[in-house]
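**Q** Let me give you the structure first, and then I'll get to my questions.
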Amino acid sequence: MKEYFPEIPEIKYEGRNSTNPYAYKFYKRDRVIGTKNEEEYLKFSLAYWHTMTGTGVDPFGAATMIRPWDNFTDPMDKAHARVDAAFELMQKLNLKYFCFHDRDMAPEGNTLRETNKNLDIIVKHISENMKATGIKLLWGTANLFAHPRYVHGAATSCNADVFAYAGAQVKKALEITKELGGSNYVFWGGREGYETLLNTDMGFELDNQARFLKIALDYAGEIGFKGQFLLEPKPKEPTKHQYDFDVASIIGFLRKYGLENDFKINIESNHATLAGHTFQHELHLARINNMLGSIDANQGDPLLGWDTDQYPTNIYNA
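Everything in the sequence shown is counted per the working numbering, starting at 1 for the first residue and increasing by one.
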């Protein structure tokens, strides 16, 4: 099998005095604290989208991240190569988990049937790697924001066909998350919101969002998915006014629609600061309401007004 990162050795713990750039200085995964080791407390996972699929593109220029697997011209060949590269990297980093959007893993086809077939092929490849390495799936989700069909939302779209298509996409994402033994399933509503109230029926859209989530819960029960459902707050970007603005907004939404016992919250540091909160505030508010589910421990740039998803460098905000 091709090695994609031959210059990177296995990353091991060497202590705080190590000068080796390819070493853990503080994280020692088998060190026992209390009754568990660090690896059990800190379930670090590889985010498939930024790590394996992100291109570095921005509104002002072309993609800048050149990946070792970009030389494949066939989208499925590239997807297979990306799987092998991801598991090589996770093994070298000693990561035991990963997470994904459905469209990170396999390319979208011309039809839903073709897209699902692509997913089935790549999921089989991923499953083989999981069995060989012992790496597990922390959570899965569906990308309901990138395709032009979702310009006005997915669950909150004004088009019933889009609502139905989004439902079919979540159906498949739930199935593959279950197939891969995922511990959680995440909903992030990047397009669930509005640009202006002049053409928005907010009450109707929120009712539809709740209806969408209840349908997903029902289907999860049908197929026997036992994982935790998570909602991820973000105040803006790409939509100006997103309904899942912050932890407080999500708690209010869940309680209004009787979903508070079915969902917990996946909190991202950069999303907290975009909402005008500290990361600690959002974590604390979720915890005291028994809704803290998972953490995206990144950071943003306080001088920029958008989500930069930077590697955390402040231990108190990590």
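In this text, a Cβ means the ideal position worked out from N, Cα and C, and glycines have one as well. Because the structure is a prediction, the values reported are computed rather than measured.
Given 8 Å as the limit, is there contact between the segment 7 to 14 and the segment 52 to 68, that is, 3 or more CB pairs closer than that?
**A** no
**Q** Taking HIS284 as part of the alpha helix (DSSP H), name the residues at either end of that continuous run.
**A** Here the alpha helix (DSSP H) through HIS284 covers 279 to 288.
**Q** Three Cβ pairs or more, each shorter than 8 Å: is that satisfied between the segment 162 to 179 and the segment 65 to 81?
**A** no
**Q** What are the start and end residues of each continuous beta strand (DSSP E) run of 3 or more residues lying completely inside the segment 17 to 91, in chain order?
**A** 45 to 47
**Q** Could you give the distance in angstroms between the alpha-carbon of GLU7 and the alpha-carbon of LEU231?
**A** Rounded to whole angstroms, GLU7 to LEU231 spans 38 Å at the Cα level.
**Q** Rounded to whole angstroms, what's the CA-CA distance from TYR194 to LEU206? Just pull it up for me.
**A** Answer to the nearest angstrom: the Cα atoms are 11 Å apart.
**Q** Hey, does ALA286 have any beta-carbon neighbour from chain B nearer than 8 Å?
**A** Looking for chain B here will not work: only one protein chain is present.
**Q** Less than 8 Å between the beta carbons of ASP262 and GLU192, yes or no?
**A** The answer is no: Cβ separation not under 8 Å.
**Q** Just curious, the alpha helix (DSSP H) that GLU175 is in, first and last residue?
**A** 160 to 179
**Q** Starting from the Cα of ARG149, find the closest Cα among THR141, ASP161 and LEU138 and give me that residue.
**A** ASP161
**Q** Please report the Cβ distance between PHE98 and MET90, rounded to the nearest whole angstrom; I am assuming they are in contact, meaning their Cβ atoms lie under 8 Å.
**A** 6 Å
**Q** Among all the DSSP beta bridges, which residues are the ones paired with PHE229?
**A** TYR185 and PHE263
**Q** Where does PHE98 fall in DSSP's three states?
**A** strand
**Q** Going by beta carbon distance, what residues of the same chain come within less than 6 Å of ALA320, once the five residues before and after it are set aside?
**A** Outside the displayed range of the chain (1 to 318) lies residue 320, so it cannot be described from this structure.
**Q** Using alpha carbons as the reference points, say which of LEU137, HIS80 and SER157 lies closest to LEU180.
**A** Relative to LEU180, the option among LEU137, HIS80 and SER157 whose CA is nearest is LEU137.
**Q** Skipping 5 residues on each side, what residues in its chain have a beta carbon closer than 6 Å to that of ALA272?
**A** Exclusion of the five residues before and after ALA272 leaves PHE279 and GLU282 as the residues of its chain whose Cβ lies within less than 6 Å of its Cβ.
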